[in-house]
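Below is one structure, written out as structure tokens; the observations come after it.
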Amino acid sequence: MGERIALYPGSFDPVTRGHLDILERACLVFDRVVVGVLGNPSKSPLFTTEERVDLIRRSIADAPQVEVDTFDGLTVDFAQRVGAIAIVRGLRVTSDFENEFQMTLMNRRLNPDVHTIFLMTSFSNVFISSSIIKEVFRLGGAIDDAVPPASAEALRRKFAQGD
Ligand code: PNS
């Protein structure tokens, strides 16, 4: 059997400790993990695609098993292009479930050969999401324990520019 590759897709706007937690777990299960950064997510991103990719790369400096790439279009199509047998998604709290369930069934309908695997974050990361981090940061709250240093720095720079 060849290499077992997984695709970990998302907006990563910006990458959080929750994402890195899922990525680490995915690396324990798969030989190689491709992090797929969606170029144009429906929720208009704070960071450009290049910035989001750069933040992930800087946060996983020593991970030869991991590749970071961008994609547009359907996630299942990108999964097939990179040879992934599975899409990995993180599950946090029950509110994630409905949307994830819907996406999984649609992706399965689009391509039954690509499976979706859910991994759970550690308890300390259960309440972290990129959206909540951006909101808390914007309102002056502390976010340093929820994101890698590269993301914290990038948020400071972005908001200092008045974006
Ligand atoms: O980090 P996010 O925003 O929760 O990631 C959502 C993502 C990128 C996985 C999802 O929006 C997606 O797969 N978009 C690509 C378009 C697509 O394939 N849509 C059909 C999925 S049912």
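When we follow my numbering, the leftmost residue of the sequence shown carries the number 27, and every step to the right adds one. Every residue, glycine too, gets a C-beta built ideally from N, C-alpha and C. Owing to the predicted nature of the structure, the values given are computational and were not obtained by experimental measurement.
Query: Distance between residue 178 and residue 166 (C-alpha atoms, nearest Å); Result: 13 angstroms
Query: Expected contact under 8 angstroms - CB spacing of residue 115 and residue 96 to nearest Å; Result: With 8 angstroms as the limit, residue 115 and residue 96 do not qualify as a contact, their Cβ atoms being about 18 angstroms apart.
Query: Cα-Cα separation between residue 73 and residue 157, rounded to whole angstroms; Result: 12 angstroms
Query: Buried versus exposed call for residue 131 [16 or more other C-beta atoms within 10 Å across all chains shown]; Result: exposed
Query: Where the beta strand (DSSP E) containing residue 21 begins and where it ends; Result: Lying before the first or after the last residue shown, residue 21 is absent from the chain, which here runs from 27 to 189.
Query: CA-to-CA distance, residue 86 to residue 45, given in whole angstroms; Result: 11 angstroms
Query: C-beta contact flag for residue 42 and residue 151 at 9 angstroms; Result: yes
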